[in-house]
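Only one structure is covered here, and it is reproduced in the block below.
Protein chains: 6
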Amino acid sequence: MPKPIDQRKAPPEVRAVFDDIKRTRNVPEVNNFWKYLARDPALLERTWSSVKATMAPGALDPLVKEMIYLAVSVTNGCEYCTFSHTAAARKKGMSDAMFMELMAVVGLANQTNRLSDGLRMDVDPQFIPRG
Amino acid sequence: MPKPIDQRKAPPEVRAVFDDIKRTRNVPEVNNFWKYLARDPALLERTWSSVKATMAPGALDPLVKEMIYLAVSVTNGCEYCTFSHTAAARKKGMSDAMFMELMAVVGLANQTNRLSDGLRMDVDPQFIPRG
Amino acid sequence: MPKPIDQRKAPPEVRAVFDDIKRTRNVPEVNNFWKYLARDPALLERTWSSVKATMAPGALDPLVKEMIYLAVSVTNGCEYCTFSHTAAARKKGMSDAMFMELMAVVGLANQTNRLSDGLRMDVDPQFIPRG
Amino acid sequence: MPKPIDQRKAPPEVRAVFDDIKRTRNVPEVNNFWKYLARDPALLERTWSSVKATMAPGALDPLVKEMIYLAVSVTNGCEYCTFSHTAAARKKGMSDAMFMELMAVVGLANQTNRLSDGLRMDVDPQFIPRG
Amino acid sequence: MPKPIDQRKAPPEVRAVFDDIKRTRNVPEVNNFWKYLARDPALLERTWSSVKATMAPGALDPLVKEMIYLAVSVTNGCEYCTFSHTAAARKKGMSDAMFMELMAVVGLANQTNRLSDGLRMDVDPQFIPRG
Amino acid sequence: MPKPIDQRKAPPEVRAVFDDIKRTRNVPEVNNFWKYLARDPALLERTWSSVKATMAPGALDPLVKEMIYLAVSVTNGCEYCTFSHTAAARKKGMSDAMFMELMAVVGLANQTNRLSDGLRMDVDPQFIPRG
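Residue numbers (the working numbering), protein chains in the order written: chain A, 1 to 131; chain B, 132 to 262; chain C, 263 to 393; chain D, 394 to 524; chain E, 525 to 655; chain F, 656 to 786.
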């Protein structure tokens, strides 16, 4: 599989995305995720613009969004994403206590998800939205 | 597989748990999840005491916990849990806009988790905590 | 997607597999899984011969194998397989109490799997087999 | 993310759980899983009491439970859990032949789960329990 | 959770996306996926522009892309996506025989993925790309 | 867990399978996957004959099959399989551009799978095959 791109040798359209990432996040260098994606400049551009729009402040707080991102990454067993989004959530203010509570909720949800699936539970009518 | 228990015929240890659920959540009846689990009273008791402790206010807000629960349930494709935790999050204040943003983050995380896994990305050293 | 095959109109190589399934399991008719697979007779044949060999008595008891099969199916959230392997395990002797304990273990394993993944735990050296 | 706790510096409520684990399992030291969880003493306590109750002899034999735990861990791709529960099952009597048969069943179940999902198979009426 | 939008009552920015979908795919109406996403017009727009760019002819043929999409959807057990991408692949030329072979590969990959994970196999050095 | 077998000490039935793998794939040595499976010669034989039959040219091209295999492996987060099937697809002609497009489709499918599951979308009637 292709290796991460060397920033100094990146084509202009890649460098433009890298610059926007650095500016938006106020970091001196982009992390590996972006250097690997840069092997397909169009994929890099689409992914970054999607991350930028989705993770911006909105109805949900950026830290909450980052913790949701981490919960999904842990559930999928993604090593890279678990490390990188733990770091990102830390930077946005996640304390040790918050991290441990997040893990407790993720663990519990995975447990009860499987209990529900295994017992093939009927959904209570009050939970189904009416059109 | 065993069917959900009829509340009126439940043994006393099951009824004690049901009563605590109703009191804690201020609902007139427990939802199906608990009626199915009641086929194993010890499992019912352990699961409820774990849910009660984990979802209580702490370093994280109950609504944030509920949305994290929902993010995991969606990622696992659990139908029962997606319906029930969407309803629970609604009750705790999740608006349509918050729900849609939550979905957007869940979708994005699932996408980038697989990009990271597929490209077998090296974790940046700054993301790995030092002992 | 292709529909399940009508047994009476099945080609001879499909009927031969269906007959072996009925004989081996002592059932009057094959269940839907096999009728769908029959749309690709070579896939049907390979899958049946793999199921027959894998699920036969060996170092593990057939009921234990059936419960392992069910544990995987629940973890994957597979509706068809959860129903069919619960029924198969019942037929081989799984009681209500055994089913509920199986669910408890499946739920717990899913929980601790994610706690381990989320905290990115180092494997204890004594767990790693030496060549 | 928080690092595993040093046993000698653990607070009393953590040490009480560690002592119960060592006594119950007859081991000189707890494994890493518990040292990481100890960063949240309440989560540690809940998780241990749940593991202790769930994995005790009951309608299912402890070795069977351990193999079910392993089947789930493998299906979830959890590295830590696969190593630790293989070791635990070994200790309870799982032979090489039993391990290989377990893997064969896990592999087969994952295969047929996806065939069932992909062909969107109707569940046979005889598999659906009647209330 | 929010219900699908009624096309006639959709705001202009939603209608613009719907029109582009209809034009690009040459269909009289958009399918439900887009009507649900339309509850968040920005998410709708981002998702459609990503689908449009990703699924266009490129180094891979559109039918091949559609079958890869379907393989992922089946592996994730996603009902909606399995139905919709089977239909989409059909429209682009997938025959019954191609569909059954696709299922066979998906089933086999899921099986061997778990065998590899369960046996914790070392990656052969020749498979690891050199920087 | 058992270690990979040493080819020179393998029993005759294992060597026969190894020889067929080398001949079919035109390689000087089998890769680790087969050496681990060889701990259960019957499982080795069944798995190889299934891989050989499934991956042979048919209604789908061998390279297309290999890329579908890779898409599943990435979605399951299987490290061994991602490395080995990337190498296999390379050998059959997958270029860097094809690999990156494959990743883009896999990422997108994982994203929209979860959006569909989270919004609990009704399947459009035209996508459901009529018997």
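All residues carry an ideal CB built from backbone N, CA and C; glycine is no exception.
From a predicted model like this one, the values you see are computed outputs, not experimental measurements.
DSSP places GLY748/F in the coil class of the three-state scheme, outside both helix and strand.
Judged by beta-carbon spacing, LEU774/F lies within the 8 Å limit of MET525/E, meaning their Cβ atoms are closer than that value. In the DSSP assignment, ASN76/A falls outside any alpha helix (DSSP H), carrying neither H nor E. The C-beta of SER204/B comes no closer than 8 Å to any C-beta of chain D. Rounded to the nearest whole angstrom, the C-alpha separation of PHE492/D and GLU197/B is 39 Å. Cα atoms of VAL385/C and PHE258/B: separation of roughly 19 Å, rounded to the nearest angstrom.
Under the criterion of beta carbons closer than 8 Å, ARG563/E and VAL467/D do not qualify as touching, at roughly 39 Å. Residues of chain E with a Cβ closer than 9 Å to the Cβ of PHE476/D are, in chain order, ARG644. In the three-state DSSP reduction, ASP40/A falls in the coil class, being neither helix nor strand. For VAL541/E, the secondary structure class from DSSP, reduced to helix, strand or coil, is helix.
Within chain E, GLN650, PHE651 have C-beta atoms less than 8 Å from the C-beta of ALA742/F, given in sequence order. If you check the CB distance, LEU175/B and VAL148/B come in under 8 Å. Taking the Cβ atoms as the reference, ARG177/B lies roughly 6 Å from SER443/D, within the contact range of under 8 Å. For ILE723/F against ILE529/E, the beta-carbon gap comes to about 34 Å, at or over 8 Å, which does not count as contact.
Interface with chain A (8 Å Cβ-Cβ cutoff): MET722/F is excluded.
At least one CB of chain D lies nearer than 8 Å to the CB of VAL368/C. In the structure shown, VAL367/C adopts helical secondary structure according to DSSP, grouped into three states.
For ALA42/A, at least one C-beta of chain E is nearer than 8 Å to its own C-beta. Taking a Cβ-Cβ cut-off of 8 Å, the neighbours of MET755/F in chain A comprise PRO2, ARG39, ASP40, LEU43, given in sequence order. Within 9 Å of the CB of ASP530/E, no CB atom of chain F is found; the nearest one sits about 14 Å away. Taking 8 Å as the cut-off, the Cβ atoms of MET487/D and LEU456/D count as close.
For GLU341/C, the closest of PRO434/D, VAL498/D, ARG408/D, MET514/D by C-alpha to C-alpha distance is MET514/D.
Between GLY189/B and GLU101/A the beta-carbon gap is near 5 Å, inside 8 Å, which marks them as a contact.
Contacts with chain D at 8 Å (Cβ-Cβ) include ASP96/A.
One Cα belongs to TRP703/F, the other to ILE676/F, and the distance between them is close to 8 Å. Straight across, the Cα-Cα distance linking ALA446/D with ALA611/E is about 48 Å. The beta carbon of MET496/D falls within 8 Å of a beta carbon belonging to chain E, placing the residue at that interface.
Taking C-beta atoms as the reference points, ALA333/C and ALA464/D count as a pair closer than 8 Å.
A direct Cα-Cα distance of roughly 43 Å separates ASP510/D from ALA10/A.
Using beta-carbon distances, ARG638/E counts as an interface residue toward chain D, with a partner under 8 Å. Between ASN469/D and ASN634/E, the C-beta spacing is not below 8 Å.
Sequence-distant Cβ neighbours of LYS166/B in its own chain, meaning closer than 6 Å and more than five residues away, are PRO135, ILE136. In the three-state scheme derived from DSSP, where H, G and I count as helix and E and B as strand, LYS402/D is classed as helix. Counting every other CB atom within 10 Å of its CB across the protein chains shown gives PRO303/C a total of 16 or more, marking it as buried. Between THR767/F and CYS605/E, the C-beta spacing is below 8 Å.
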